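J.: Residue numbers (our numbering): 251 to 699.
Quick reminder that beta carbons are idealized off the backbone N, C-alpha and C, glycines included.
What you are looking at is a predicted structure, and each value in this text was computed from that prediction instead of being measured.
First, the structure itself, so that you have it in front of you.
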């Protein structure tokens, strides 16, 4: 398209009652809805007439790459829908990948989830912000976890006003970085290292340069996209003001892991259970991150890293070491730094400064701390690695245990174990043992880390 302000909008929607309200809100608040091309992968079992009933004008259909595309128009915007039954879904990035097949070289690209609300003139605001950032970077990307809203009678009042930046939270069991966010205040967008799958705004060629890998199911999507975008020369910025809102948790909504379970597979409704796709997905993410010894990143083609920057340079920028599952102290301290502008002068010193951080919540049953009739004086908890080397220990007084019990919903205390170690040996077992000043040690209980 010749119009320099056209926006291609990719939406993956899974049985989401918020899809139509999201579309209406998006178009109502757009300054130039005529410049919008919205592509939806609609994973549902509803009839397409719901779009017409919602006020969208049907324009027939066409076939793109072997799939029927339903065409609609609303408020001058083009809306293309690829309709698939939710049992045939293969995950979030598969749906995003299908939506991307409808890209027509629009100038800008917006990727969102199907449960959002928008500020007035959001399209002008996003374009203006991106153009300003192009003075700093040839390939800026605006991305964040947007502030929250909750649909309903109090929707306007529910809209939060904070903005946040993505930060490292932890490595999961497969060594894949997981993220959270922290609020910030600034007069301009701030640099970051991580992308949010639910909100990406950048130049249109991102669709061709960093297309979604359809085999990534859900977890790992964001670190994979962040690494690929970085190595292709893109720079992430977190917006300093709200541009849209996002509906989080959605406990009352259907999710793919609820539908694509073992029972659905046994009944022949789905080809694979969700966890089977998740295993394949996480292996691909680990391969991309250099964590699979027997797999080459070339096997991921065309969803490979770029050649503008290296994976190690990404680690320098983010302050993390993927192979060791460690991070710099500044990543986890009160400032939660997620972007280091200058690479380290000394690689060895950079590695030596890093720690492995571990966090786990455990449930303490009465049998874990009960002793004889004399009662417990304190409770000892120790964490060991596979070589039986002590990594962490903690002692709980009876009053602390009672506080944990009263704070729990079911009167069963839950304790958060959180520690760091310079060793890269990972925790393997937790040993719990009560001590009585009268009768000595009680029974030892072991829990797997």
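Apart from the five residues on each side of it in sequence, which residues of its chain come closer than 6 Å, Cβ to Cβ, to residue 425?
T.: Answer for residue 425: 541 and 575, listed in chain order.
J.: Taking 8 Å as the cut-off, decide whether the C-beta atoms of residue 482 and residue 556 are in contact.
T.: Going by C-beta atoms, residue 482 is nearer than 8 Å to residue 556.
J.: Give a yes or no on whether the C-beta atoms belonging to residue 642 and residue 684 are separated by under 8 Å.
T.: Not a contact, by the Cβ cut-off of 8 Å.
J.: Could you please give the first and the last residue of the uninterrupted alpha helix (DSSP H) stretch that includes residue 385?
T.: Taken as a continuous stretch (DSSP letters only), residue 385 belongs to no alpha helix (DSSP H), as it is neither H nor E.
J.: Residue 446 and residue 490: beta carbons closer than 8 Å?
T.: No, the Cβ-Cβ distance between residue 446 and residue 490 is not below 8 Å.
J.: Near residue 655, which residues of its chain fall below 6 Å by C-beta distance, leaving aside the five closest residues on each side in sequence?
T.: For residue 655, where only same-chain residues beyond five positions count, the Cβ hits under 6 Å are 661 and 663.
J.: Does the contact criterion of 3 or more C-beta pairs under 8 Å hold for the region 275-289 versus the region 358-371?
T.: Output reads yes: the region 358-371 touches the region 275-289.
J.: Of the choices 676, 259, 500 and 539, whose alpha-carbon is the least far from that of residue 361?
T.: Cα-wise, what sits closest to residue 361 is 259.
J.: Quick check: is any heavy atom of the ligand MN less than 7 Å from the C-beta of residue 429?
T.: The model depicted lacks the ligand MN and carries no ligand whatsoever.
J.: Check whether the region 259-274 touches the region 289-304, counting contact only when three or more Cβ pairs, one atom from each stretch, lie closer than 8 Å.
T.: Result yes; three or more Cβ-Cβ pairs closer than 8 Å.
J.: So what's residue 692 in DSSP terms, helix, strand or just coil?
T.: Correct three-state label for residue 692: coil.
J.: Looking at residue 334: is its Cβ nearer than 8 Å to the Cβ of residue 301?
T.: No, Cβ-Cβ distance for residue 334 and residue 301 is not below 8 Å.
J.: Give me, in chain order, the residues of the same chain whose beta-carbon lies closer than 6 Å to that of residue 706; leave out the 5 immediate sequence neighbours on both sides.
T.: No statement about residue 706 is possible, as the shown extent of the chain runs from 251 to 699 and does not include it.
J.: According to the Cβ coordinates, are residue 667 and residue 694 closer than 8 Å?
T.: Cβ distance not < 8 Å, so residue 667 and residue 694 don't count as in contact.
J.: Name the residue from 571, 629 and 583 whose alpha carbon lies nearest to the alpha carbon of residue 602.
T.: Minimum Cα distance to residue 602 is reached at 571.
J.: Taking a contact to mean a Cβ-Cβ separation below 8 Å, would you say residue 443 touches residue 306 in this structure?
T.: Cβ distance not < 8 Å, so residue 443 and residue 306 don't count as in contact.
J.: Closest by CA to residue 629, which one among 538, 395, 518 and 665?
T.: Taking only the C-alpha atoms, the option nearest residue 629 is 665.
J.: At the level of alpha carbons, what is the spacing between residue 322 and residue 353?
T.: Approximately 16 Å, taken between the alpha carbons.
J.: Could you pull the start and end residues of the beta strand (DSSP E) that residue 335 belongs to?
T.: From DSSP, the beta strand (DSSP E) with residue 335 extends over 327-335.
J.: Measuring alpha carbon to alpha carbon, tell me which residue in 288, 432 and 625 is nearest residue 583.
T.: Of 288, 432 and 625, the residue nearest in Cα terms is 432.
J.: I'd like the span of the beta strand (DSSP E) that includes residue 318, first residue to last.
T.: Counting along the chain, the beta strand (DSSP E) containing residue 318 begins and ends at 317-324.
J.: Are residue 359 and residue 452 closer than 8 Å when you measure CB to CB?
T.: Yes. Within cutoff.
J.: Could you have a look at residue 537 and say whether DSSP puts it in helix, strand or coil?
T.: Three-state DSSP puts residue 537 in a helix.
J.: Can you check the region 350-432 for any beta strand (DSSP E) of at least 3 residues that lies completely inside it and give the ranges in chain order?
T.: Within the region 350-432, the complete beta strand (DSSP E) runs of at least 3 residues are 358-363, 366-368, 390-393 and 413-421.
J.: Looking at C-beta atoms only, is the number of pairs between the region 450-467 and the region 606-617 that lie closer than 8 Å three or more?
T.: Judged by Cβ distances under 8 Å, the region 450-467 makes no contact with the region 606-617, as fewer than three pairs qualify.
J.: Give me, in chain order, the residues of the same chain whose beta-carbon lies closer than 7 Å to that of residue 674; leave out the 5 immediate sequence neighbours on both sides.
T.: Answer for residue 674: 574, 575, 576 and 606, listed in chain order.
J.: Just how far apart, CA to CA, sit residue 251 and residue 308?
T.: Unreliable positioning characterises residue 251 in this predicted model, as indicated by a pLDDT of 45, which lies under 50. The coordinate reading is nonetheless provided below. Taking the straight line joining both Cα atoms gives about 22 Å.
J.: Decide if residue 647 is buried, meaning its Cβ has at least 16 other Cβ atoms within 10 Å, or exposed.
T.: Under this definition residue 647 is an exposed residue.
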